[in-house]
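Following our numbering, the numbering of the sequence shown begins with 1 at its first residue and continues without gaps. In this text, a Cβ means the ideal position worked out from N, Cα and C, and glycines have one as well. From a predicted model like this one, the values you see are computed outputs, not experimental measurements.
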Amino acid sequence: MKLITTADAAARLGVHQTRVQVLIREGRLPAQMLAGTYLIDEDDLKLVEHRKPGRPPKQTSESKQKTAGRK
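Here it is, written out as structure tokens:
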């Protein structure tokens with residue numbers, strides 16, 4: 001188990017350090033607090049690294065109607 005900082009995690013994920021901190025606060029990325037610094041298990045980056053960047057596409061009214069009937 002290799003622990004890395006939020007700055008290192010951000011560099012590996014290609015996101016800003018603040019985004020890594022948000023993922024930790026949301027509970028999507030496990031981390032330990034040590035001396036006021038979050039430390040992340042390097043292996044846990046796999047939990048969030050395959051996300052598509054950017055905002056999800058906006059649904060059109062047609063696609064909303066198609067998904068409305070699904071359960």
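Report task. Spell out whether any CB of chain C is found under 8 Å from the CB atom of Leu-34. Result -> Reference to chain C is not applicable here, since this structure consists of a single protein chain.
inquiry  = Assuming Arg-12 and Leu-39 are in contact, meaning their beta carbons sit under 8 Å apart, how far apart are those beta carbons, in whole angstroms?
reply    = In fact, because the Cβ distance is near 14 Å, the residues do not count as touching under 8 Å.
Check each candidate in Ala-31, Arg-55, Ala-35 and name the one with the smallest Cα separation from Thr-6.
Ala-31
Buried or exposed for Leu-34, going by 16 or more other Cβ atoms inside 10 Å? exposed
Would you identify the three-state DSSP class for Leu-29, choosing helix, strand or coil?
coil
Fill in: Reference Val-20, options Val-48, Leu-3, Asp-43, closest by Cα
Val-48
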